[in-house]
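Participant:
Numbering (our numbering), first residue to last: 102 to 639.
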């Protein structure tokens with residue numbers, strides 16, 4: 102369904118129903134990708150790559166503004182929200198002021214709306230209406246979420262509304278926020294206000310936060326993970342933070358991709374929240390990641406902060422604007438994809454970490470208690486030089502449930518759901534290190550994607566069920582002693598280091614980081630999880 106309406110068209114009221122905004126300027130409702138590309142170019146929002154992708158800049162915000170995210174403090178929800186630095190409370194009266202000012206701002210401008218679904222399971226989806234001033238932001242939402250059929254758009258009424266005003270600056274004194282940038286979510290009014298940032302990831306993650314709020318009450322687990330299906334219809338989940346390989350490793354030509362980032366797990370299996378992918382493309386290699394590379398080089402894709410020459414030829418190694426360069430494209434741009442967005446109950450759960458200290462093994466089999474521990478830990482390490490403020494050493498990052506910035510409820514809610522599902526279905530769990538081997542960042546080298554894929558394929562195919570394992574003395578992890586197509590020295594991280602004493606020192610330091618982090622949630626876990634926690638050697 103594609104139409105361009107004028108300010109006097111009677112369809113305007115329907116296109117803006119539930120938003121509190123009235124059209125006084127041109128309104129473009131549910132335009133298709135070609136029309137949105139044309140409007141984006143007309144408005145000077147971006148330019149085309151040589152392959153037809155839309156290249157845009159997001160200004161000073163090249164990532165999420167974590168410190169500017171707020172949840173409205175409302176009587177019916179306040180007792181269930183995990184308040185703190187992640188979910189900062191915004192008084193309801195301040196939100197009303199902010200919302201009203203943004204509605205007034207939008208009312209006088211050319212607008213684009215997109216009606217989309219979040220959730221491939223019809224029984225557990227929400228209807229989302231985005232109102233934005235940006236044609237490319239509308240294209241991002243159209244790519245990122247599930248696109249309703251034309252007949253479904255005819256009677257579409259939103260469950261949640263996003264008021265998106267990237268050029269509007271909030272006033273901390275008036276609006277009760279921290280800066281000119283704000284992401285404010287009201288669960289009671291089912292309205293999200295995003296202002297003062299052009300970074301489109303805020304649209305995606307605000308809806309993920311909503312799904313993380315809704316599903317636990319239905320007994321289902323929302324997850325920050327990718328998912329795919331093997332030739333035997335065996336589903337697998339891949340938890341991981343940014344840069345751990347969640348998108349890359351789930352886009353495997355031998356398996357069908359369900360989705361690359363956000364899923365739900367319930368009684369009938371797993372389902373994607375989205376209809377698109379949002380892949381990091383810095384240093385993307387056509388040889389190693391052909392599917393994602395191809396998707397980044399075609400019409401309809403949105404490229405954020407990617408550098409191109411005057412002819413539109415991309416340089417995916419250029420970090421001039423940010424390390425966090427992104428490509429947003431519909432999931433069907435990946436050739437091996439499960440278009441239903443759904444799969445059966447997972448047989449395997451994989452937890453990915455990019456250990457820049459180079460001390461964790463490339464793969465380890467986890468007991469259910471260890472899986473719970475590592476899920477709540479959510480460990481990875483950011484590499485020095487990739488973000489402002491990092492020093493010469495890698496920085497350990499612990500993001501509980503592999504997604505703490507998007508959890509409106511306490512982590513134990515999600516942890517217990519995962520624990521129940523693993524126990525109920527006898528799921529095999531794995532910890533996979535896609536980080537460094539032979540030394541820390543700057544000394545060692547990044548784990549070979551070929552080796553990681555070989556390890557994963559062996560694990561998912563059941564080939565590691567009956568092999569010999571050894572117990573790592575530092576982390577208590579069971580690691581296979583031999584895997585086809587993977588050198589033995591890669592399987593034992595200590596043997597890959599030339600300086601064994603330096604490995605021992607680095608391993609002990611990481612153990613202590615795990616211990617320090619565990620203290621924050623130890624009181625909320627069962628005794629078996631406490632017993633499985635990483636501990637300092639006696």
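Beta carbons: idealized from backbone N, C-alpha and C, even for Gly.
In the DSSP assignment, what residue or residues form a beta bridge with residue 452?
Facilitator: Answer is 340 and 532.
Participant: For the alpha helix (DSSP H) that residue 503 lies in, which residues bound it at each end?
Facilitator: Where residue 503 is concerned, there is no enclosing alpha helix (DSSP H), given that its DSSP letter is neither H nor E.
Participant: So, under 8 Å CB-CB, residue 533 and residue 508 are touching, yes? Tell me the CB distance rounded to an integer number of Å.
Facilitator: Their Cβ separation, rounded to whole angstroms, is 23 Å, which puts residue 533 and residue 508 out of contact at 8 Å.
Participant: Assuming residue 304 and residue 231 make a contact with CB atoms under 8 Å, what is their CB distance in whole Å?
Facilitator: 7 Å
Participant: Using the three-state DSSP reduction, which class does residue 250 fall into: helix, strand or coil?
Facilitator: coil
Participant: Just how far apart, CA to CA, sit residue 420 and residue 151?
Facilitator: 19 Å
Participant: Rounded to whole angstroms, what is the Cα-Cα separation between residue 404 and residue 350?
Facilitator: 21 Å
Participant: In the segment 347 to 429, which residue ranges form an unbroken beta strand (DSSP E) of at least 3 residues, counting only runs that do not cross its ends?
Facilitator: List check, beta strand (DSSP E) in window: 357 to 360, 363 to 367, 370 to 373, 377 to 381 and 403 to 405.
Participant: Using 10 angstroms around the beta-carbon of residue 500, count the other beta-carbons present and answer buried if the total reaches 16, otherwise exposed.
Facilitator: buried
Participant: Considering only C-alpha positions, which residue in the set 129, 118, 211 and 287 is nearest to residue 190?
Facilitator: 287
Participant: Where do the N-terminal and C-terminal ends of the alpha helix (DSSP H) with residue 516 fall, by residue?
Facilitator: 512 to 526
Participant: I'd like to confirm the pairing. Which residues does DSSP put opposite residue 216 in its beta bridges?
Facilitator: Note: residue 216 sits in a beta bridge opposite 230.
Participant: What separation, rounded to the nearest whole angstrom, lies between the Cα atoms of residue 622 and residue 470?
Facilitator: 14 Å
Participant: What does DSSP give as the partner residues of residue 326 in its beta bridges?
Facilitator: 340
Participant: What are the boundary residues of the alpha helix (DSSP H) that residue 178 is part of?
Facilitator: Run containing residue 178: none; DSSP gives neither H nor E here.
Participant: Looking at residue 258 and residue 228, is the spacing between their C-beta atoms short of 8 Å?
Facilitator: By the CB criterion at 8 Å, residue 228 and residue 258 fall inside the cutoff.
Participant: According to the neighbour-count rule (16 or more other Cβ atoms, all chains shown, within 10 Å of its Cβ), is residue 91 buried or exposed?
Facilitator: Summary: the structure shown does not reach residue 91, with the chain confined to residues 102 through 639, and so no result is reported for it.
Participant: When DSSP builds the beta bridges, which residues end up paired with residue 537?
Facilitator: 547
Participant: Would you call the segment 318 to 338 and the segment 363 to 371 in contact, with 3 or more CB pairs under 8 Å?
Facilitator: Taking 8 Å as the limit for Cβ pairs, the verdict is that the segment 363 to 371 does touch the segment 318 to 338.
Participant: Please report the distance separating the alpha-carbon of residue 335 from that of residue 431.
Facilitator: 23 Å
Participant: Fully enclosed by the segment 143 to 200, which beta strand (DSSP E) runs are 3 residues long or longer?
Facilitator: 147 to 149, 155 to 157, 170 to 174 and 189 to 192
Participant: Which residue's Cα is closest to the Cα of residue 379: 544, 388 and 426?
Facilitator: 426
Participant: Measure the alpha-carbon distance for residue 451 versus residue 308 and round it to whole angstroms.
Facilitator: 24 Å
Participant: Sorted by chain position, which residues of the same chain lie with C-beta nearer than 7 Å to residue 236's C-beta, five sequence neighbours on each side aside?
Facilitator: Here the set comprises 137, 140, 141, 144, 146 and 213.
Participant: Which runs of the beta strand (DSSP E) spanning at least 3 residues fall entirely within the segment 540 to 619, listed in chain order?
Facilitator: 570 to 572 and 579 to 581
Participant: How big is the Cα-Cα spacing for residue 606 and residue 312?
Facilitator: If I take the Cα positions, the gap works out to 42 Å.
Participant: For residue 240, which three-state DSSP category applies?
Facilitator: helix
Participant: Near residue 595, what residues of its chain come up, given a Cβ to Cβ distance below 7 Å and the 5 sequence neighbours on each side ignored?
Facilitator: 601 and 604
Participant: Please determine, among 472, 549 and 551, the residue with the shortest C-alpha to C-alpha distance to residue 517.
Facilitator: 472
Participant: Is it a yes or a no for the segment 258 to 272 touching the segment 288 to 301, going by three-plus beta-carbon pairs under 8 Å?
Facilitator: yes
Participant: Since residue 270 is in the beta strand (DSSP E), which residue starts that stretch and which ends it?
Facilitator: Counting along the chain, residue 270 falls outside any beta strand (DSSP E), and DSSP gives it neither H nor E.
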